[in-house]
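Asks: My questions will all concern the structure given below.
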């Protein structure tokens, strides 16, 4: 009987763990034994659940009550029991704290409850409720973006060349990866358009000072104003269409699934401890949702894996990718700008620095020339001074444009993240020898968390560098 009850309990807890909202047709009373609806509802609301002795499933057990990793929302639809026994008492869910964030989601039928620790605190209730609202927002945005691109997953999806730890969820991963590439290309085109307008505006602005009160000056000022308007329109377009956010969200979904897929490949079971750092959870709940989807693949086909396969498929491929991005060289301009962040960061920094040094040096020469002209009345220096002034202006302009390009593409932060992750992957690769042990499992789990932290940290910095924030 204990085994049977445990199976019922585990089945219900599995559903509760992976449901964003648990819909419970239930009379609101406690169960006679283990594994009833009451246990599943209590689990989802953060209350304690007891397995029969020696039948506990660690993959379904919450390891921390810090943030309600497993718990969430319950939509309670009240139903009456066919037969009522006297020893069943109500759980009185009406005593649970309510969340203001869910006020506009009040269902027409039944009651909606959020996670509640001990039934008398609302800090976690508000956190889980706000996270759910954000998840709905990100899901709508992501699904709308997916529909707008009209990618036929059924026709474009092909099975991966090697096992990536994904089975049923692989088409979802493929779609996210394709959407990320599409969003990235569109955003890059927008950045290039912005810089063409900006360069035209800067160039004409520098010329305008020398052409005041002339017909040529009027045209130069007109082009300057048109360039400013065009840049403003590009920024408005970027903000309205959220091109970078589409790219970031899709890339985050793909990376979250890729990382959890590698854990599946390593046969590391899910746990209540989050892979995404807790401080990012309320801002990026769709990433956590993607991880949960990928975890289900582990439940479908968990099996022992060879460490050599894990080392080559996961660690080896990731190291090869990171090393390629950290190379100090490029075959062409496209590769330099988009696939060599370290090299691009060094070149941009060096070029901008040289431009500023040149401007300072020529500025000093210009100052000396102007002083000599005033002291000795050298009128022959007028043309030379004008030329020097123009070179100083354009040196500062070019240096500033290159620095802005580097900032918008986040070369330095991306290269720094790649470098730190390559070091961790190298260390893991050297340690993955022999048989799989609990220590190696913890190491791979820690590596996955580090990789996910690096990505969400990149997402945060990229949001700050979005062109829509330029005024």
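Numbering (the numbering used here), first residue to last: 15 to 485.
Positions of the beta carbon are idealized from the N, C-alpha and C atoms, including for glycine.
Being a predicted model, the structure only gives us computed values, none of them experimental.
Tell whether a beta-carbon distance below 9 Å holds between residue 369 and residue 409.
Replies: Yes, these two residues count as a Cβ contact at 9 Å.
Asks: What residue does the beta strand (DSSP E) around residue 129 start on, and which one ends it?
Replies: Looking at the DSSP string, residue 129 is not in any beta strand (DSSP E), and its letter there is neither H nor E.
Asks: Measuring CA to CA, which of 27, 36, 303 is closest to residue 73?
Replies: Checking every option, the nearest Cα to that of residue 73 belongs to 27.
Asks: Roughly how many angstroms separate the alpha carbons of residue 285 and residue 306, rounded to a whole number?
Replies: Cα to Cα, residue 285 sits roughly 10 Å from residue 306.
Asks: Measuring alpha carbon to alpha carbon, tell me which residue in 50, 75, 41, 65 is nearest residue 95.
Replies: Ranking the options by Cα distance to residue 95, first place goes to 41.
Asks: Decide if residue 420 is buried, meaning its Cβ has at least 16 other Cβ atoms within 10 Å, or exposed.
Replies: Its Cβ being crowded by 16 or more others within 10 Å, residue 420 is buried.
Asks: Quick one, are the C-beta atoms of residue 91 and residue 143 less than 9 Å apart?
Replies: No, they are not a contact pair.
Asks: According to DSSP, is residue 218 part of a helix, a strand, or is it coil?
Replies: Residue state, collapsed to three classes: helix.
Asks: My output table needs one value for residue 382: the three-state DSSP class, helix, strand or coil.
Replies: Correct three-state label for residue 382: helix.
Asks: Pick out whichever of 243, 396, 263, 302 has its Cα sitting closest to the Cα of residue 34.
Replies: Among 243, 396, 263, 302, the Cα nearest to that of residue 34 is on 302.
Asks: Mark residue 114 as exposed unless 16 or more other C-beta atoms lie within 10 angstroms of its C-beta, in which case mark it buried.
Replies: Exposed, because fewer than 16 other Cβ atoms sit within 10 Å of the Cβ of residue 114.
Asks: Hey, would you say residue 216 sits closer than 9 Å to residue 411, going by beta carbons?
Replies: Closer than 9 Å, so yes.
Asks: What does residue 92 pair with, by DSSP beta-bridge criteria?
Replies: Its beta-bridge partners are 40.
Asks: Could you spell out the range, first to last residue, of the alpha helix (DSSP H) harbouring residue 242?
Replies: 229 to 255 is the span of the alpha helix (DSSP H), which, as asked, contains residue 242.
Asks: With the cut-off set at 9 Å, would you say residue 30 and residue 75 are in Cβ contact?
Replies: No, they are not a contact pair.
Asks: Can you tell me whether DSSP reads residue 263 as helix, strand or coil?
Replies: Residue state, collapsed to three classes: helix.
Asks: Counting C-beta neighbours from all protein chains within 10 Å, is the total for residue 354 16 or more, i.e. buried, or is it exposed?
Replies: With 16 or more Cβ atoms within 10 Å of its Cβ, residue 354 is classed as buried.
Asks: Report yes if the C-beta distance between residue 276 and residue 157 is below 9 Å; otherwise report no.
Replies: No, Cβ-Cβ distance for residue 276 and residue 157 is not below 9 Å.
Asks: Provide the residue(s) that pair with residue 87 in DSSP beta bridges, ordered along the chain.
Replies: According to DSSP, residue 87 bridges with 35, 128.
Asks: Measuring alpha carbon to alpha carbon, tell me which of 428, 246, 164 ends up nearest residue 483.
Replies: When each option's Cα is compared against that of residue 483, the closest is 246.
Asks: Mapping DSSP to helix, strand and coil, what is residue 375?
Replies: The answer is helix: DSSP assigns residue 375 an H, G or I state.
Asks: Check for me: the alpha helix (DSSP H) holding residue 282 runs from which residue to which?
Replies: Per DSSP, residue 282 belongs to no alpha helix (DSSP H) and is neither H nor E.
Asks: In whole angstroms, give me the CA-to-CA distance for residue 85 and residue 188.
Replies: Those two C-alpha atoms are separated by around 29 Å.
Asks: Decide if residue 199 is buried, meaning its Cβ has at least 16 other Cβ atoms within 10 Å, or exposed.
Replies: It is exposed - the Cβ of residue 199 has fewer than 16 other Cβ atoms within 10 Å.
Asks: Which word fits residue 278, buried or exposed, when buried means at least 16 other C-beta atoms lie within 10 angstroms of its C-beta?
Replies: Buried, because 16 or more other Cβ atoms sit within 10 Å of the Cβ of residue 278.
Asks: Using three-state DSSP, classify residue 286 as helix, strand or coil.
Replies: Coil.
Asks: For the region 283 to 366, which segments carrying the alpha helix (DSSP H) assignment without a break, of at least 4 residues, lie completely within its bounds, in sequence order?
Replies: Whole alpha helix (DSSP H) segments, 4+ residues: 292 to 295, 299 to 315, 321 to 324, 331 to 339, 347 to 353.
Asks: With 16 other CB atoms within 10 Å as the buried threshold, where does residue 324 fall?
Replies: Its Cβ being crowded by 16 or more others within 10 Å, residue 324 is buried.
Asks: Can you tell me whether residue 423 is buried or exposed, with buried defined as 16 or more other CB within 10 angstroms of its CB?
Replies: Per the 10 Å Cβ criterion, buried.
Asks: Under the assumption that residue 432 contacts residue 336 (Cβ atoms under 8 Å), give the Cβ distance between them as a whole number of angstroms.
Replies: Yes, residue 432 and residue 336 are in contact; Cβ-Cβ is about 5 Å, under 8 Å.
Asks: Among the residues of its own chain, which have a CB less than 8 Å from the CB of residue 291, if the five just before and after it don't count?
Replies: Result list for residue 291: 463, 466, 467, 470, in chain order.
Asks: If contacts are defined as beta-carbon pairs under 8 Å, then residue 214 and residue 241 qualify, I think. What distance do you get, rounded to the angstrom?
Replies: Rounded, the Cβ-Cβ distance is 5 Å, consistent with contact.
Asks: If we call anything under 9 Å between Cβ atoms a contact, is residue 400 one with residue 387?
Replies: No, these two residues do not count as a Cβ contact at 9 Å.
Asks: Quick one: Cα of residue 428 to Cα of residue 229, how far?
Replies: Roughly 47 Å between the two C-alpha positions.
Asks: Would the region 250 to 270 count as touching the region 446 to 456 if we require 3 or more Cβ pairs under 8 Å?
Replies: Counting Cβ pairs under 8 Å, fewer than three are found: no touch.
Asks: Out of 372, 326, 310, which one is the CA nearest neighbour of residue 32?
Replies: Comparing Cα-Cα distances from residue 32 to each of 372, 326, 310, the minimum goes to 310.
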